[in-house]
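One structure below.
There are 2 protein chains.
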Amino acid sequence: MGEYPELEAKGKKARDAAIGLATLSAKTKNEALTAMASALETTMEPVLKANAEDVRAARDRGTSEALIDRLTLNEKRIRAMADGLREVAALPDPIGEVIEGWQRPNGLLIEKTRVPLGVIGIIYESRPNVTVDAAGLCLKAGNATLLRGGSEAIRSNLALTEVIAEAACGAGVPDGAIQLVETTDREAAVAMMKMNRYLDVLIPRGGAGLIRTVVQTATVPVIETGVGNCHTFVDASADLKMAEEIAFNAKVQRCSVCNAMETLLVHASVAGAFLPSMIARYRQAGVEIRGCPKTRAIAPGAKEATEEDWHTEYLALILAVKVVGGLEEAISHINRYGSKHSECIVTASYDNARKFTRGVDAAAVYVNASTRFTDGGEFGLGAEIGISTQKLHARGPMGLRELTSIKFVITGDGQIRG
Amino acid sequence: MGEYPELEAKGKKARDAAIGLATLSAKTKNEALTAMASALETTMEPVLKANAEDVRAARDRGTSEALIDRLTLNEKRIRAMADGLREVAALPDPIGEVIEGWQRPNGLLIEKTRVPLGVIGIIYESRPNVTVDAAGLCLKAGNATLLRGGSEAIRSNLALTEVIAEAACGAGVPDGAIQLVETTDREAAVAMMKMNRYLDVLIPRGGAGLIRTVVQTATVPVIETGVGNCHTFVDASADLKMAEEIAFNAKVQRCSVCNAMETLLVHASVAGAFLPSMIARYRQAGVEIRGCPKTRAIAPGAKEATEEDWHTEYLALILAVKVVGGLEEAISHINRYGSKHSECIVTASYDNARKFTRGVDAAAVYVNASTRFTDGGEFGLGAEIGISTQKLHARGPMGLRELTSIKFVITGDGQIRG
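Chains A and B supply the protein sequences, listed in that same order.
For the first sequence, position 344 matches number 344 in my numbering, and the numbering has no gaps at all.
Heads up, my numbering is the position in the second sequence plus 1000, with the first residue counted as 1.
Written as structure tokens, this is what we have:
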């Protein structure tokens, strides 16, 4: 890190800011979030100008239109960021909660209280809105944020950070609470992943490649987010109309997100009744089918699904389909190939619902509902910083509470250990 | 890992075992723990024989008597392990708890349930009792355990693992739930720290060096345990008799453990009244004092405390002492040099107690009680697997609940996302 004086300086400043942030009142934090929202709406010009330069540079490099779209800001998108900050301001403050407390026989009162994590590093790609969303959520939970976006959005991220950091400071938040790393080369990112002295946790937000790199490289504790190879299993007893609606929604409603379905598993006893109309509907919606031999016998023209297909998160209008012998095979398939994100059974059987929810190892296990609901907002947690697919600390949608840690406060009157 | 077929085979076996373990009834787990305890008591001979060989080899290498003592097993120590397992059996089963649940406006019922972490890797040094303690706690929380002890205790650890794993299997626990890595070279340990495919979490138990290595090397999520550079601050308003009892207990009652005090901070206004008798009592107990200039003026002959002393976890009868100008300086010193483990203020001031507990960033913050209470048993959590000094997942003493993760179970009647 000695080679990156910027990281050293910003890390230290974030650590210092975190001390003040930990005891900031909810009132001050909410005023800051509201001020940040207003500043975004009243200072659009420098942000849009910086973004236009990022977009121009991206076009010059021949970036795809899909990526250009993700990078592009406009008035509507900036207003959406501001609205997001106001929604975070309206959420209850998680800090200071006494989660539980008890008295020991020796009279010690032990209270488990909720405190901020401290300094959170966010490493993300392309979408500049992450700059604002992440900083807002981290601030509400009393954390300092060190942001590190991609080089393609550096001008936009700098402009956004300047606007929100200044507004936060003006509302009484310690200087250094929201900072962006300006050095965007790979080596600086690696150095950031090893800043154990200054960072309490790293949250990567982006594609599978970015997340893998952070997990493999970081020495700072990481919360792994996002990859979703999700399944829907249509059981023998399923209401086939309900199954069709759920399976269609899970694949088609928005196919580019982590909670969309990638593989459909169908009980052999209903494959003949269920698959023909289901596949016809998929095809009408532009979904490419890759099937096991039994599926292909029902759906002529479907490609053969390979071992790789069972492992793949398409994030596209492609669906792998497999006919399975029964519940046990469905559970084994999911536990073997799934990414432990969101998994669904459609069934009318109490026993099978129970076996599935107990036997499938995933962050979210559904009975008779679309996997698309795995989302902080849909779960009623308010805004989310991501969806954890690891088992440590947080699993599933992460709201404000997942951006906190705990502190035991022990009060006595002279107790010593015998 | 391809170079370590043992790790690959045992990792895979542990992963398979974890599936069955997750839905094992509390009754079966408790019967297994009891059977393990009985087996330890009735099969002492091979364990003691293997241990004698470890001890002989350690003596031949010229190992210190302190380390030999930690390595040595005898009937009493084995009985203590067995009793520990019975205590774990008597604790409530954390798995299956519905932590919270709520209904969404669309009728979805969302339940946050407690599930095992999966496969836990434990990397530890010398004391063979960790083999049994860790395996017992992990089993009770429904986890498979992959143990990796030091080469100096390999024969003892193998013998212990054989006894308890066989007893567990006999009681209905899946084969592979408790395994020991037999390869004890460093490279195998490094390979184990990168077994993301098979391990959900790694818990290092041992000295600061071991823990640092695991944090720096592992790609598997780590729970950092143990290092404790703890402070006691004697405030201006403290009951000085109470302060003396607490400060003496925190340093002397057992100095080799992580929750023992390493630095005593004293408010300048009471230093003259407090330190002379306090230091005399420490010296009588064999405690070496290293002081700041003001301390040395009060305690002639005390060594000068260096910058390094403020950073050091002595784990010995050595104490750094500093006279501070007030509460703010005490808090700054602790937040700068402490390891965020256990910190204490002795005070009669409501305001200062409040400022200290809010301002100090540590797992456990005490008012008027010895830091020595930071312990799963003393907190009433039952047995502990260690004391976390990181902020992610668990902080402070880790009991059974800290060896679990969560799963969202969502039940509906055909809900799809609009």
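We treat Cβ as the ideally placed atom computed from N, Cα and C, and that holds for glycine.
All values reported here derive from a predicted model rather than from experimental measurement.
Under DSSP, the beta strand (DSSP E) around residue i begins and ends at which residues?
i        : result
L1202(B) : V1201 to R1205
R1114(B) : L1109 to P1116
V1132(B) : Per DSSP, V1132(B) belongs to no beta strand (DSSP E); it is in the alpha helix (DSSP H), N1129 to K1140.
F408(A)  : T404 to Q415
G150(A)  : From DSSP, G150(A) is part of no beta strand (DSSP E); its letter is neither H nor E.
G176(A)  : No beta strand (DSSP E) contains G176(A), which DSSP labels as neither H nor E.
I123(A)  : V119 to Y124
Where does residue i land, buried or exposed, given buried means 16+ other C-beta within 10 angstroms?
i        : result
V1098(B) : exposed
A90(A)   : exposed
K1391(B) : buried
R1354(B) : exposed
S1064(B) : exposed
N106(A)  : exposed
G84(A)   : buried
A1285(B) : exposed
R197(A)  : exposed
G136(A)  : buried
W310(A)  : buried
N1074(B) : exposed
R1061(B) : exposed
Q1179(B) : buried
P1204(B) : buried
E421(A)  : What is shown of chain A runs 1 to 418, which leaves residue 421(A) out entirely.
S1256(B) : exposed
Looking at the secondary structure, which residues open and close the alpha helix (DSSP H) in which residue i lies?
i        : result
M195(A)  : Unbroken run through M195(A): none, as it is neither H nor E.
K391(A)  : Careful: K391(A) lies outside any alpha helix (DSSP H) and carries neither H nor E.
F379(A)  : G376 to F379
A1090(B) : E1075 to A1090
E45(A)   : M44 to D60
For the putative contact between residue i and residue j, defined by C-beta atoms under 8 Å, what is the C-beta separation to the nearest angstrom?
i        : j        : result
L1158(B) : A1017(B) : About 19 Å separates the two Cβ atoms, so there is no contact after all.
L1071(B) : A1058(B) : 6 Å
K1013(B) : G1176(B) : 4 Å
G1414(B) : N368(A)  : 6 Å
M36(A)   : A189(A)  : Rounded, the Cβ-Cβ distance is 26 Å, inconsistent with contact.
L139(A)  : A22(A)   : So it is not a contact: roughly 12 Å between Cβ atoms.
T1263(B) : A1320(B) : 4 Å
M195(A)  : G399(A)  : M195(A) to G399(A), Cβ: 25 Å. No contact.
T1347(B) : G1226(B) : Not quite, the Cβ-Cβ distance comes to about 28 Å (not below 8 Å), so this is no contact.
I1420(B) : I1110(B) : Limits of chain B in this structure are 1001 at one end and 1418 at the other, which puts residue 1420(B) out of reach.
T1028(B) : G1172(B) : 5 Å
D1133(B) : A1383(B) : 7 Å
Q216(A)  : T1217(B) : With 8 Å as the limit, Q216(A) and T1217(B) do not qualify as a contact, their Cβ atoms being about 12 Å apart.
V252(A)  : A243(A)  : The Cβ separation is near 14 Å, so there is no contact.
Helix, strand or coil for residue i per DSSP?
i        : result
V1163(B) : helix
Q1103(B) : strand
P1005(B) : helix
V215(A)  : helix
I1246(B) : helix
G1020(B) : helix
A369(A)  : strand
V1190(B) : helix
E1065(B) : helix
V1227(B) : coil
I1154(B) : helix
A268(A)  : helix
T1072(B) : coil
V220(A)  : coil
P1383(B) : In the sequence as displayed, the identity of residue 1383(B) is Ala instead of Pro. In this structure, A1383(B) counts as coil in the three-state DSSP scheme.
T1263(B) : strand
V234(A)  : strand
A35(A)   : helix
V257(A)  : coil
For this session: Could you name each continuous alpha helix (DSSP H) segment of 4 residues or more that falls completely within the region 271-299 of chain A, going from the start of the chain to the end?
Result: 293-298
Exercise. Of all the residues that make up the region 1101-1120 of chain B, which are near chain E by a beta-carbon distance shorter than 7 Å?
Worked result: The structure shown has no chain E; the protein chains it does contain are A and B.
For this session: Return the chain-ordered ranges of every beta strand (DSSP E) run that is complete within the region 293-356 of chain A and spans a minimum of 3 residues.
Result: 318-324 and 342-346
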